[in-house]
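Q: Under numbering that gives the first Met the number 0, think of the first position of the sequence shown as 0, with each following residue one higher. The beta-carbon is built from N, C-alpha and C at its ideal position, and this holds for glycine as well.
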Amino acid sequence: MMHRVLIAEDEDLIALVLGEMLSDLGHRVVAVAERVEEGVELARDADIDLAILDINLDGGLSMPIADVLTARGIPYIFATGGTVRLEAPYASHFVLRKPFTQAALRAALETTP
């Protein structure tokens, strides 16, 4: 199944590589947000059915984006280069540990509803 994906990532190179990985796996990146506010707006308005959210986004946390996605019924995957312990309601979501491989991304996509 092809997903229409929102990427929330403040590192341009990581966003680019992630977009290429998603494309190679048959998915389409609809938008990339570099800031939380931009991500919230895109999560609310964009024609997406999945998101990949860097937990630490441009000095903030991506949880407000996750909240909008949850309200819309859109699944999401977290990504982080750090050590993070997520609390409810975020703890049940898949977390990709950076750097991750295309195989790890595929596995995350397959386990996300």
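Find the nearest neighbour of His-92 within the set Glu-40, Ala-107, Asp-9, Met-0, judged by alpha-carbon distance.
A: Ala-107
Q: Please report the straight-line C-alpha distance between Ile-73 and Val-4, rounded to a whole angstrom.
A: Their Cα atoms are separated by approximately 10 Å.
Q: Just to check my reading of the structure: Ala-78 and Leu-95 have Cβ atoms closer than 8 Å, yes? What is that Cβ distance to the nearest angstrom?
A: About 4 Å; that satisfies the 8 Å criterion.
Q: Give a yes or no on contact between the stretch 16 to 25 and the stretch 37 to 47, applying the rule of three or more CB pairs nearer than 8 Å.
A: No, because fewer than three Cβ pairs between the stretch 16 to 25 and the stretch 37 to 47 fall closer than 8 Å, the two stretches do not touch.
Q: Nearest-angstrom Cα distance between Gly-25 and Ile-51?
A: Approximately 15 Å between the Cα atoms of the pair.
Q: Tell me whether Gly-38 sits in a helix, a strand or coil according to DSSP, three-state version.
A: helix
Q: Whole angstroms are fine: how far does the CA of Glu-10 sit from the CA of Val-83?
A: 18 Å
Q: To the nearest angstrom, how far is it from the Cα of Val-67 to the Cα of Ala-45?
A: 11 Å
Q: For Glu-86, count neighbouring C-beta atoms within 10 Å of its own C-beta (all shown protein chains included) and say buried if the count is 16 or more, exposed if not.
A: exposed
Q: May I have the straight-line CA-CA distance separating His-81 from Asp-57, to the nearest angstrom?
A: First, the residue type needs correcting, since residue 81 is Gly and not His in the sequence shown. If you take the alpha carbons of Gly-81 and Asp-57, they lie about 14 Å apart.
Q: If you compare alpha carbons, which of Thr-110, Arg-34, Arg-105, Thr-111 is closest to Ser-22?
A: Arg-105
Q: For Asn-55, collect the residues of the same chain with a Cβ closer than 7 Å to its Cβ; drop the 5 residues on either side in sequence, then sort them by chain order.
A: Leaving aside the five residues that flank Asn-55 on each side, the residues in its chain whose CB is nearer than 7 Å to its CB run, in chain order, Thr-79, Gly-81.
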